[in-house]
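Quick note on numbering: the sequence shown equals residues 316 to 733 in the numbering used here.
Yeah, the Cβ is synthetic: ideal placement off N, Cα and C, and Gly gets one too.
These numbers come from a predicted model, not from an experiment.
Worksheet: one structure, shown below.
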Amino acid sequence: MAGKEMMSKSPRWDRVWLGGHLATLAEGAEGYGEIHQGALATLEKRIAWVGREKDLPGRPDALAREVLELQGRWITPGLVDCHTHMVFAGDRSGEFEARLGGSSYEEIAREGGGIRTTMRATREASEEDLVREASRRLTALRAEGITTVEVKSGYGMETDTELRMLRAARRLAADHPVHLQTTFLGAHVLPPEFEGRREEYLELIREEMIPRAVKEGLADAVDAFCDEIAFTPQECESVLLAGRDAGLAMRLHADQLSDQDGAALAARLGARSADHLERASAEGVAAMAAAGTVAVLLPGAFYFLKDDHPPPVSLFREARVPMAVATDMNPGSSPVNSILTAMNLSCLLLGLTPEEALRGVTVNGARALGLHEVRGSLEKGKMADLAIWEVGHPRELSYWLGRNPCAGVVKDGEPTRS
Ligand code: NIG
Ligand code: FE
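As structure tokens, then:
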């Protein structure tokens, strides 16, 4: 029948890429999941076929409306930056100079600077200002192959500014071809006006900020900073549980500057991730392994704060705790606007292999955001988020410093422009 014949002749895919190689990072695949002389096809927003070019079920131009030649380049999953504070105003270069002169991050924080410095600038900034500045940061990340990013609030520490930050983050998602998750981090540090009234601030978070953020659809997750200069484990627990009860996923800034048993707390509460973890204990690692909590490593903060106590990477590895890597992009502890730099630092300073670093910014980054079933690897049925690289091997993504070999980004099946 004519109709049937036409159906069978019309291409079944939108696009097919061939003439290059794939690093699928697929579940169960060895190493990078390398497929040399591979091909990948998309239909609408999803990956429709992944395999060796010679196994394609027909002539490429009969299979897809568009055939794209990779000329020896590599495709990886679009990269995931699962921990950023990219919405903020001002900078902390003055404190950078002070630290180079001998002051510590904690001293500056205790004297009312640090996160509170950025709080003052952010409270002054309009939503428009926040969107404009963050948009530049996001553009730079996208140019390095990022297709999924997380953005936290936490520089308002008052209801209006916290919500404004989250609204700015949502607007970024509307303006850029990127999958963006927002995290409410009202419990970053105690705002000065609540000095001596900690419980009142925590109540404001639980009773006003979280309900409003959730009601207005502004937050996907809740986070807290568990540290001597921020909040106690008990305080963080109360905030995370309030978020959980309102329907948010949980994350925790844990054991960065001191061991607070934050890793174990995140695991016990069923948080998706515990982040930083420089001072996490062996018990904390074991608890994370048992609970399936992702360890989000933030080598930019480790580097920028000149920390000398790396997170327990070999324990994570032995216990099979999934390790994600992220930029932590923020003005105080990690002014690192580059996921490739974070990958390089994760290898040289934290001891990851280039393969672990790439897993960290793909599958494991996606896992930290609860997205691993839909994003983070090149597998049939997943969203077609791809990064195309001018490299001879994917290990080069962790190797170069200050060179961006990204030659193209595809978001939900559509090639993007930065
Ligand atoms: O992830 N550790 C807490 N929060 C941020 C630092 C924010 C800042 O110093 O502005 C972090 O490193
Ligand atoms: Fe952070």
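Quiz item: In its own chain, which residues sit with a C-beta less than 7 Å from the C-beta of Gly723, not counting the 5 before and 5 after it?
Solution: Position 408 of the sequence shown, counting from 1, holds the residue named residue 723. Counting only Cβ-Cβ distances below 7 Å, and skipping sequence neighbours, we find Ile703 and Pro730.
Exercise. Could you have a look at Lys697 and say whether DSSP puts it in helix, strand or coil?
Key: Taking the sequence shown and counting its residues from 1, the one referred to as residue 697 is at position 382. The answer is coil: DSSP assigns Lys697 none of H, G, I, E or B.
Quiz item: Quick one: what's got a C-beta closer than 6 Å to Pro614's C-beta in the same chain, skipping five residues either side?
Solution: Taking the first residue of the sequence shown as position 1, residue 614 is located at position 299. Same-chain partners within the cutoff: Ala657, Leu660, Ser661, Leu664 and Leu665.
Quiz item: Should Asp542 be counted as a contact of ligand 3 given a C-beta to heavy atom distance under 6 Å?
Solution: Ligands present in the displayed structure are limited to ligand 1 and ligand 2, and ligand 3 is not among them.
Quiz prompt | Own chain partners of Leu620 with C-beta closer than 6 Å, once the 5 adjacent residues on each side are dropped | solution = As a working mapping, residue 620 is identified with position 305 in the sequence shown. So the qualifying residues of the chain are Tyr420 and Ser648.
Quiz item: Any chance the CB of Asp643 is under 6 Å from a heavy atom of ligand 2?
Solution: Looking up residue 643 in the sequence shown gives position 328. Checking the Cβ of Asp643 against ligand 2 gives yes.
Quiz item: Taking the C-alpha atoms as reference points, what is the distance between Ala488 and His494?
Solution: By one-based count along the sequence shown, residue 488 stands at place 173. By one-based count along the sequence shown, residue 494 stands at place 179. Approximately 7 Å, taken between the alpha carbons.
Quiz item: CB-CB under 8 Å to Ile314, same chain, minus the five flanking residues each way: which ones, in chain order?
Solution: This structure cannot settle anything about residue 314, because the visible part of the chain is limited to 316 through 733.
Practice problem: Please classify Lys319: is it buried, with 16 or more other beta-carbons within 10 angstroms of its beta-carbon, or exposed? | Solution: Residue numbering aside, residue 319 sits at position 4 when the sequence shown is read from its first letter. Residue confidence for Lys319 is low, a pLDDT of 44 falling below 50, so the modelled location carries little weight; the figure read from the coordinates is stated next. When all chains shown are included, Lys319 counts as exposed.
Quiz item: For Val466, which of helix, strand or coil comes out of DSSP?
Solution: Indexing the sequence shown from 1 puts residue 466 at position 151. Reduced to three states, the DSSP call for Val466 is strand.
Quiz item: So which of Gly707, Arg710, Glu711 and Arg690 has the shortest CA-CA distance to Leu701?
Solution: Residue numbering aside, residue 701 sits at position 386 when the sequence shown is read from its first letter. Among Gly707, Arg710, Glu711 and Arg690, the Cα nearest to that of Leu701 belongs to Arg690.
Exercise. Buried or exposed for Lys467, please, with buried defined as at least 16 other CB atoms from any protein chain shown within 10 angstroms of its CB.
Key: Position 152 of the sequence shown, counting from 1, holds the residue named residue 467. Lys467 comes out buried.
Self-check item: Proximity to Lys695 [Cα-Cα], best of Ala579, Thr339 and Ser325
Solution: Taking the first residue of the sequence shown as position 1, residue 695 is located at position 380. The shortest Cα separation from Lys695 among Ala579, Thr339 and Ser325 belongs to Thr339.
Quiz item: For Phe593, which of helix, strand or coil comes out of DSSP?
Solution: Here residue 593 corresponds to residue number 278 of the sequence shown, with the count starting at 1. The residue asked about is misnamed: residue 593 is Glu in this sequence, not Phe. Of the three classes helix, strand and coil, the one that applies to Glu593 here is coil, per DSSP.
Practice problem: Run the proximity test for Ile520: is its beta-carbon closer than 6 Å to any non-hydrogen atom belonging to ligand 1? | Solution: The sequence position of residue 520 within the sequence shown is 205, counting from 1. No - ligand 1 has no heavy atom lying nearer than 6 Å to the Cβ of Ile520.
Exercise. Report the rounded CA-to-CA distance for Val725 versus Glu515, giving the unit in angstroms.
Key: Stepping through the sequence shown from its first residue, residue 725 is reached at position 410. Stepping through the sequence shown from its first residue, residue 515 is reached at position 200. Spanning the two alpha carbons is a distance of roughly 46 Å.
Self-check item: Between the CA atoms of His400 and Arg447 - distance to the nearest angstrom
Solution: In the sequence shown, residue 447 corresponds to position 132, counting from 1. In the sequence shown, residue 400 corresponds to position 85, counting from 1. Between Arg447 and His400, the C-alpha separation is close to 15 Å.
Self-check item: Cα-Cα separation, Val529 to Met472
Solution: Here the question's residue 529 lines up with position 214 in the sequence shown. Here the question's residue 472 lines up with position 157 in the sequence shown. Cα to Cα, the separation comes out at about 16 Å.
Practice problem: State the DSSP-derived secondary structure class of Arg732, mapped to helix, strand or coil. | Solution: Position 417 of the sequence shown, counting from 1, holds the residue named residue 732. Looking at Arg732 - three-state DSSP - the assignment turns out to be coil, as it is neither helix nor strand.
Quiz item: What is the DSSP secondary structure of Ala561, reduced to helix, strand or coil?
Solution: Numbered from 1 along the sequence shown, position 246 holds the residue referred to as residue 561. Of the three classes helix, strand and coil, the one that applies to Ala561 here is coil, per DSSP.
Exercise. Kindly provide the ranges of any beta strand (DSSP E) runs that are 3 or more residues long and lie completely inside the region 510-580, ordered along the chain.
Key: 536-541 and 564-569
Practice problem: Say yes only if the C-beta of Ser692 is nearer than 6 Å to one or more non-hydrogen atoms of ligand 1, and no if none qualify. | Solution: Here residue 692 refers to the residue found at position 377 of the sequence shown. Not under cutoff, so the answer is no.
Quiz item: If you measure from the CB of Ser418, is any heavy atom of ligand 1 nearer than 6 Å?
Solution: Along the sequence shown, one-based indexing puts residue 418 at 103. For ligand 1, not one heavy atom lies less than 6 Å from the Cβ of Ser418.
Quiz item: Leaving out five residues before and five after Met565 in sequence, what residues of the same chain have Cβ atoms less than 8 Å from its Cβ?
Solution: In the sequence shown, counting from the first residue as 1, residue 565 sits at position 250. Result list for Met565: Ala536, Val537, Asp538, Leu555, Gly558, Arg559, Ala581, Leu584, Gly585, Ala586 and Arg587, in chain order.
Quiz item: Candidates Phe540, Asn652 and Ile362: which alpha carbon is nearest Thr498's?
Solution: To locate residue 498, count along the sequence shown from 1; it is residue 183. Cα-wise, what sits closest to Thr498 is Phe540.
Self-check item: Extent of the continuous beta strand (DSSP E) run through Ala354
Solution: Taking the sequence shown and counting its residues from 1, one reaches residue 354 at position 39. Taken as a continuous stretch (DSSP letters only), the beta strand (DSSP E) holding Ala354 covers Glu349 to Leu358.
Exercise. Please work out which residues of its chain come closer than 8 Å, Cβ to Cβ, to Tyr714, disregarding the five sequence neighbours upstream and downstream, and give them in chain order.
Key: Taking the first residue of the sequence shown as 1, we reach residue 714 at position 399. Cβ within range, chain order: Asn659 and Pro669.
Quiz item: How big is the Cα-Cα spacing for Val464 and Gly343?
Solution: One-based indexing of the sequence shown puts residue 464 at position 149. One-based indexing of the sequence shown puts residue 343 at position 28. Val464 and Gly343: Cα-Cα distance of roughly 25 Å.
Quiz item: Curious, which full-length beta strand (DSSP E) runs of at least 3 residues does the region 649-718 contain?
Solution: 701-704
Quiz item: Hey, how far is the Cα of Arg479 from the Cα of Glu443?
Solution: Counted from its first residue, the sequence shown places residue 479 at position 164. Counted from its first residue, the sequence shown places residue 443 at position 128. Cα to Cα, Arg479 sits roughly 10 Å from Glu443.
Quiz item: Nearest to Val395 by alpha carbon, out of Lys697, Asn719 and Thr642?
Solution: Here residue 395 corresponds to residue number 80 of the sequence shown, with the count starting at 1. Per the Cα distances, Thr642.
Practice problem: Select from Val636, Ala534 and Thr474 the residue whose C-alpha is nearest the C-alpha of Arg682. | Solution: Your numbering for residue 682 matches position 367 in the sequence shown. Checking every option, the nearest Cα to that of Arg682 belongs to Val636.
Quiz item: Under 6 Å from any heavy atom of ligand 1, does the C-beta of Thr433 make it?
Solution: The sequence position of residue 433 within the sequence shown is 118, counting from 1. Under cutoff, so the answer is yes.
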